[in-house]
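Asker: One structure, pasted below without further comment.
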Amino acid sequence: MPAKSIRRTERKPEELPGRRNVLSLGLVSMFNDVASEMVYPLIPVFLTTVLRAPVAVVGIIEGVAEATASILKVFSGWLSDRVGNRKRFVASGYLFSALAKIFLAAAGAWFTVLGARFIDRLGKGVRTSARDALIADSVSENRRGASFGLHRALDSAGAVVGPLLALLLLHLYSENYRLIFWIAALPAFTGVGILLAFVREPRRQSVAREPIRLSFRQLNPRFKTFLLASGIFALGNSSDAFLILRAQSFGYNAVQTVLLYVAFNLAYSIFSYPFGKLSDRFGAKPILIAAFIIFGMIYSGFAIAPAAAYLWILFPLYGVYMAMSDGVGKAYIVENTPANLRGSLLGLFHTVTGGITFLASFIAGLLWSYLGIPAPFYFGAALAWLAALLFILFTPASPQPDLSHQA
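Numbering (this note's numbering), first residue to last: 3 to 409.
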């Protein structure tokens, strides 16, 4: 009887703030991604055609942007564990990203774009770990995969709508990139309003008031192995801007490139929730291993694609990979970390992998410029397969997921 009572207590937050929080945060991410994806696929084109920046600069900007976000994630995650109010970090982070759209619209040189991307990723760094921990705090353990999957599905649904809006605006306003950047600020600020109005801070035990000590030696070995494998993988996982540049190398114009990006995000949105449910039922590890392997196959495809038409297969497959890895990876981390360190260790993971991604984008730019277009994709494929092998060989056995209380 006591065990059943405990389970009811754990599920109660899901019935009130839990589902509401997951849905509200999903809508916030959706509006933010409508804004971000209106501009993101256009930034490489804007840099190289309007501002006349070289391809290497694209790699530097994206690397600096992602590194900024990643470095801040561990600090914001730790602070959200310590302070106990994750919502304030999430709200301020989305506000920074909304303001970045205004700076991007005013950019007259590539270094101004760098500043705008820095502010945007500053916001991402402040919010991401706290938001993921807030989702985990809001739902019961046996629904975390599905909850992260739902959040990612709504997020990537916004990433479908955003490029389509950009496409419509490109047609209506004769590729006026700056106007599109101004318009993108509207959904970004709408998302901030939804967050402030509807997201609640769940009640948590007062563990965050205790001193928070991170000892790598005492961390769960499954978390440490996943961190190692993901770090190796991240070294070859350069910015998606290089996928857009790959499309340009085949002669795709801005409209066609945006449509490819829509295909990617549509697949991402469709498959995120199902893979989250599968991870709740069968465990996250096999899905993550498959994701590493499939990524290597996709990047090999980008390297050897003999014709432009193959990109219509590769971009949606890349969306399937993202659906397999993103939300499922977060659920795996939460499963293998203590509650009072949840934000800190999510932040540590994002910081390590994102910091390496800065180097990955820099390497990719050099490989592209000096060894040819296929080189960064071969490099990424090889490291993805190495990461899969390490994850298979060195991850300790984990307990089977509890299926007895799933709907």
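Where a beta carbon is used, it is the ideal one built from N, C-alpha and C, also for glycine. From a predicted model like this one, the values you see are computed outputs, not experimental measurements.
1) What is the C-beta distance between Leu97 and Gly125, in whole angstroms, given that I count them as a contact (C-beta under 8 Å)?
2) How about Asp83 and Ser346: do their beta carbons lie closer than 8 Å?
3) Could you tell me whether the stretch 182-202 touches the stretch 307-319, using the rule of 3 or more Cβ pairs below 8 Å?
4) With a threshold of 16 other CB atoms inside 10 Å of the CB of Leu395, please say whether the residue is buried or exposed.
5) Please state whether DSSP places Ala102 in a helix, a strand or coil.
6) Straight-line CA distance for Leu392 to Ala231?
7) Would you tell me roughly how many angstroms separate the C-alpha atoms of Ala236 and Ala292, rounded to the nearest one?
8) Would the beta-carbon of Arg154 fall within 8 Å of that of Ser274?
9) In chain order, what residues of the same chain lie with their CB nearer than 7 Å to the CB of Ala366, ignoring the 5 residues before and after it?
10) Among Phe113, Trp80, Val30, Asn87, which residue has its Cα nearest to the Cα of Leu56?
11) Could you pull out every residue in the same chain whose Cβ sits closer than 7 Å to the Cβ of Val411, ignoring the five residues on either side in sequence?
12) Looking only at its chain, what residues have a beta carbon closer than 8 Å to the beta carbon of Ile335, apart from the 5 residues adjacent to it on each side?
13) Enumerate in chain order the residues of its own chain whose CB-to-CB distance from Ala148 is below 8 Å, with the five nearest sequence positions on each side excluded.
14) Do the stretch 259-273 and the stretch 131-138 make contact, defined as three or more Cβ pairs closer than 8 Å?
15) Can you check which of these residues, Leu290, Ala93, Arg119, is closest to Phe105 by C-alpha distance?
16) Taking all protein chains shown into account, decide if Val257 is buried (16 or more other Cβ within 10 angstroms of its Cβ) or exposed.
17) Going by DSSP, what residue range makes up the alpha helix (DSSP H) through Ser240?
18) Please determine, among Met324, Phe294, Ile246, Gly86, the residue with the shortest C-alpha to C-alpha distance to Asn342.
19) Pick helix, strand or coil for Gly86, following the three-state DSSP scheme.
20) Which parts of the stretch 160-215 are runs of the alpha helix (DSSP H), unbroken and 4 residues or longer, counting only runs that do not cross its ends?
21) Out of curiosity, what's the CA-to-CA distance linking Leu101 and Ala67?
22) Could you spell out where the alpha helix (DSSP H) holding Tyr427 opens and where it closes?
23) When you compare the CB positions of Ser140 and Val30, do they come within less than 8 Å of one another, or not?
24) Under the assumption that Ile182 contacts Leu27 (Cβ atoms under 8 Å), give the Cβ distance between them as a whole number of angstroms.
25) Can you tell me which of Ser38, Val260, Leu361, Ala108 puts its alpha carbon nearest to the alpha carbon of Pro318?
26) Span of the alpha helix (DSSP H) holding Val52?
27) Taking C-beta to C-beta, are Gly160 and Asp35 nearer than 8 Å?
Answerer: Straight from the coordinates:
1) 7 Å
2) yes
3) no
4) exposed
5) helix
6) 6 Å
7) 16 Å
8) yes
9) Gly61, Ser240, Phe244, Pro378
10) Strictly speaking, residue 56 in this sequence is Pro, with Leu absent from that position. Among Phe113, Trp80, Val30, Asn87, the Cα nearest to that of Pro56 is on Phe113.
11) Residue 411 falls outside the range modelled here, since the chain spans only 3 to 409, and no answer is possible.
12) Phe225, Phe228, Leu347, Leu348, Phe351
13) Tyr275, Gly278, Lys279, Asp282
14) no
15) Arg119
16) exposed
17) Element bounds for Ser240: n/a, residue is neither H nor E.
18) Gly86
19) coil
20) 179-200
21) 15 Å
22) Past the boundaries of the shown model lies residue 427; the chain is included only from 3 to 409, so the question cannot be answered.
23) no
24) The pair is not a contact, with the Cβ atoms about 26 Å apart (cut-off 8 Å).
25) Val260
26) No alpha helix (DSSP H) contains Val52, which DSSP labels as neither H nor E.
27) yes
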